[in-house]
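Residue 376 in numbering that gives the first Met the number 0 sits at position 377 of the sequence shown, and the numbers go up by one each step.
Backbone N, C-alpha and C define an ideal beta-carbon position, used for all residues, glycine too.
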Amino acid sequence: MEAALKETKAKTSKVSGADLLLKALEKENVEVIFGYPGGAVLPIYDKLYDSNILHVLPRHEQGGIHAAEGYARISGKPGVVIATSGPGATNIITGIADAMMDSLPLVVFTGQVATGVIGTDAFQEADILGITTPITKYNYQIRDIKDIPRIIKEAFYIATSGRPGPVVIDFPKDMAAGVSTVPAEEEIHLPGYQPTVEPNFLQVRKLSEAVSKAKRPVILAGAGVLHAKASNLLKEYAEQQKLHVVHTLLGLGGFPAGHELFLGMAGMHGCYTANMALYNCDLLINIGARFDDRLTGNLKHFAPKATVAHIDIDPAEIGKNVPTHIPVVGDAGEALRQLLKLEGSPPLQEEWTETLAVWKEDHPYHYENSEVLKPQKVMELLYEKTAGEAIVVTDVGQHQMWAAQYYQLQQADRWVTSGGLGTMGFGLPASIGAQLADPSACVVAVLGDGGFQMSTQELAVIAEFQLPIKIAIFNNKALGMVRQWQEIFYKERYSHSKNPVQPSFVKLAEAYGIKGFEIHSEEEAHLILDQVLHDKEPVLLDFRVDGAENVYPMIAPGKGIHEMVGVKK
Numbered sequence: 000m001e002a003a004l005k006e007t008k009a010k011t012s013k014v015s016g017a018d019l020l021l022k023a024l025e026k027e028n029v030e031v032i033f034g035y036p037g038g039a040v041l042p043i044y045d046k047l048y049d050s051n052i053l054h055v056l057p058r059h060e061q062g063g064i065h066a067a068e069g070y071a072r073i074s075g076k077p078g079v080v081i082a083t084s085g086p087g088a089t090n091i092i093t094g095i096a097d098a099m100m101d102s103l104p105l106v107v108f109t110g111q112v113a114t115g116v117i118g119t120d121a122f123q124e125a126d127i128l129g130i131t132t133p134i135t136k137y138n139y140q141i142r143d144i145k146d147i148p149r150i151i152k153e154a155f156y157i158a159t160s161g162r163p164g165p166v167v168i169d170f171p172k173d174m175a176a177g178v179s180t181v182p183a184e185e186e187i188h189l190p191g192y193q194p195t196v197e198p199n200f201l202q203v204r205k206l207s208e209a210v211s212k213a214k215r216p217v218i219l220a221g222a223g224v225l226h227a228k229a230s231n232l233l234k235e236y237a238e239q240q241k242l243h244v245v246h247t248l249l250g251l252g253g254f255p256a257g258h259e260l261f262l263g264m265a266g267m268h269g270c271y272t273a274n275m276a277l278y279n280c281d282l283l284i285n286i287g288a289r290f291d292d293r294l295t296g297n298l299k300h301f302a303p304k305a306t307v308a309h310i311d312i313d314p315a316e317i318g319k320n321v322p323t324h325i326p327v328v329g330d331a332g333e334a335l336r337q338l339l340k341l342e343g344s345p346p347l348q349e350e351w352t353e354t355l356a357v358w359k360e361d362h363p364y365h366y367e368n369s370e371v372l373k374p375q376k377v378m379e380l381l382y383e384k385t386a387g388e389a390i391v392v393t394d395v396g397q398h399q400m401w402a403a404q405y406y407q408l409q410q411a412d413r414w415v416t417s418g419g420l421g422t423m424g425f426g427l428p429a430s431i432g433a434q435l436a437d438p439s440a441c442v443v444a445v446l447g448d449g450g451f452q453m454s455t456q457e458l459a460v461i462a463e464f465q466l467p468i469k470i471a472i473f474n475n476k477a478l479g480m481v482r483q484w485q486e487i488f489y490k491e492r493y494s495h496s497k498n499p500v501q502p503s504f505v506k507l508a509e510a511y512g513i514k515g516f517e518i519h520s521e522e523e524a525h526l527i528l529d530q531v532l533h534d535k536e537p538v539l540l541d542f543r544v545d546g547a548e549n550v551y552p553m554i555a556p557g558k559g560i561h562e563m564v565g566v567k568k
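In structure tokens:
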């Protein structure tokens, strides 16, 4: 009788919307929240005061959402973000768009004015549903407290299933502060959202048959391989069929760079061998890449001689940019499992293998040594002195491309970069999320001096948590990629791309209680990297690199993937 009374009391007890939110997050095993408090989310923050979930306070909301992206990329779990209404919510729009383009799972809670004044231009009101509709997988606005557990459960499912991406939940203040009875738990029922995970076997068999007949086959592996946790399956299949592998920028690490079948990264700043392999292949097997323009160059010249097969969990990507002859909708891992079971005979490609070997030997990445510190040399040193085992997080620009070219990633989930949106200011906060996702890892944040100055305030978070991130600034006193384009395409008219005035980054780091070093030569780089790379504390390294250095090879706008400049002859 007493137990029955307790059960009845529990069912009729009142809880706040904020209580329901925290309980739902605990059910989703959320370990960390990146958030910034404000008026509209104060009821939520009052409940967070007693929560065991780690809360990380960025020094700018955009830093918080980029940190959540870094966390999601390394942990594989959804990054959770809270921002207040109005400017708090609008400050995270860039991160939402970035996560959408790069398929990163986020669940983002935005505060909102009370339901009674929505639409009246109330203080700090913004139409976050309208703003984020084009850049989210889905978005919600809480209108009934009893819906909170269901909506959060659905949001986590949508963010992490199918092609991952961000989901926004707009949370009016009265929905967080108001009370209701505890609603009954519901099963997820989304009849309009049913991602195809298991690919059609007939299509997989058609691909297997095409492989056995090909003479110049190549695999193009994108981030879909990483999201599917299918790196080992890709390696097994490539070895079984003796297929060479090319990577996209976001796919790096999905196949070991030191493997004899690895050809390198393709695209605008990809290597000669990878680009020529895509141009000359007779069968292109795209696994989890979206054929973006920075990869393909002029579509008229992209894989012109190839039968194109495309494995992707997002059917909207298949045939969107490149005509596809063998479409396979489904999870990359499931497709690779089916291909492995078919055990087709490896294609006869002796002449192709010899050609690829000659290209690799004759046209590697290259640069000219000089007394001035070369950025490529710095990347080689970072690779050497971390034994290729670091988590490498980049900002956007020349340094990003040098990291992709010269840091030979051997493992999956050690690479964090902003690909589709190309967001400057991403790297430093994303390294925070990456380090929190894997506290024992050596995390190296590779930044340009321009991008670093967009998010320097996040040094406070690194200092607060004493995160042992190694911040490597490739300081060429310019917006390097902009300067490069102005040099090549705009007659060296360097319009506002050079940074003659900048702070002392070392003193800035020291102001936050972080050690800093200014490095001018290869000798200094050797000495200081040996000294600090394996310390269990943060450090900032200001590498004063050659400001005239450009990223090569390069495919100019409008040119084909085979029309590279800056290739070693």
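First and last residue of the uninterrupted alpha helix (DSSP H) at residue i
i	result
N279	271-279
Q111	Q111 -> not in any alpha helix (DSSP H); beta strand (DSSP E) instead, spanning 105-111.
S430	426-436
Q61	60-74
F33	It is not in any alpha helix (DSSP H) - F33 instead sits in the beta strand (DSSP E) that spans 31-35.
F488	479-488
V357	349-361
H300	No alpha helix (DSSP H) holds H300; DSSP gives it neither H nor E.
M453	Segment: none, M453 is in no alpha helix (DSSP H) and carries neither H nor E.
Q240	230-240
Closest residue to residue i among the options (Cα-Cα distance)
i	options	result
M563	P345, N274, W351	N274
I513	G559, V460, T354, A389	V460
T385	P182, G161, L466, A444	A444
L341	K214, A356, R204, G75	R204
H525	V178, K376, M553, H365	K376
N320	L294, Y382, L355, I312	L294
I470	L532, L435, A436, N549	L532
S496	G62, D448, A66, G34	D448
I91	V481, F33, Y44, K46	F33
L539	P556, M553, G559, L507	L507
P374	D143, G546, P467, A510	G546
V307	Q399, A213, A183, L283	L283
E367	K172, M100, T93, V550	V550
F473	K299, V544, D437	V544
G129	P104, L298, G85	G85
G266	L435, D292, A96	D292
G557	E463, G257, S439, K299	K299
I95	F425, Q399, Q434, F464	F425
P194	V210, A222, S160, L201	S160
I468	S344, D534, S207	D534
Beta-carbon separation (whole angstroms), residue i vs residue j, contact threshold 8 Å
i	j	result
K431	G69	The sequence shown places Ile at residue 431, rather than the Lys named in the question. Rounded, the Cβ-Cβ distance is 7 Å, consistent with contact.
A176	P42	4 Å
M174	T131	Not a contact, Cβ separation roughly 18 Å.
A98	G164	7 Å
V14	V196	Wrong, their Cβ atoms sit about 36 Å apart, outside the cutoff.
I560	G296	4 Å
A220	L233	6 Å
L372	F542	6 Å
Q123	A71	Wrong, their Cβ atoms sit about 27 Å apart, outside the cutoff.
Residue i and residue j closer than 8 Å at C-beta
i	j	result
T422	V442	no
P133	E457	no
Q409	P255	yes
G110	G87	yes
I317	H309	yes
D101	L249	yes
D281	P198	no
L277	A302	yes
P104	P148	no
L435	S454	no
A158	V106	yes
Boundaries (first-last residue) of the beta strand (DSSP E) holding residue i
i	result
A220	216-220
S15	13-15
K469	469-474
K384	Where K384 is concerned, there is no enclosing beta strand (DSSP E), although the alpha helix (DSSP H) it sits in stretches over 374-384.
K514	514-518
V79	78-82
Subject >> Any 3 or more C-beta pairs closer than 8 Å across the stretch 266-286 and the stretch 241-255 >> reply: yes
Subject >> Inter-stretch contact at 8 Å, needing at least 3 Cβ pairs: the stretch 471-486 / the stretch 77-88 >> reply: no
**OP:** Determine contact between the stretch 317-329 and the stretch 220-228, defined as no fewer than three beta-carbon pairs at a distance below 8 Å.
**Re:** no
Original post:
Touching or not, the stretch 411-420 and the stretch 388-403, by the rule of three or more beta carbon pairs under 8 Å?
Top reply: yes
Subject >> Stretch-stretch touch, CB-based, cutoff 8 Å, three pairs: the stretch 481-498 with the stretch 517-527 >> reply: no
Original post:
So does the stretch 116-130 actually touch the stretch 144-158, counting three or more Cβ pairs closer than 8 Å?
Top reply: no
**OP:** Answer yes if the stretch 156-176 comes into contact with the stretch 10-24, meaning at least three C-beta pairs across the two stretches below 8 Å, and no otherwise.
**Re:** yes
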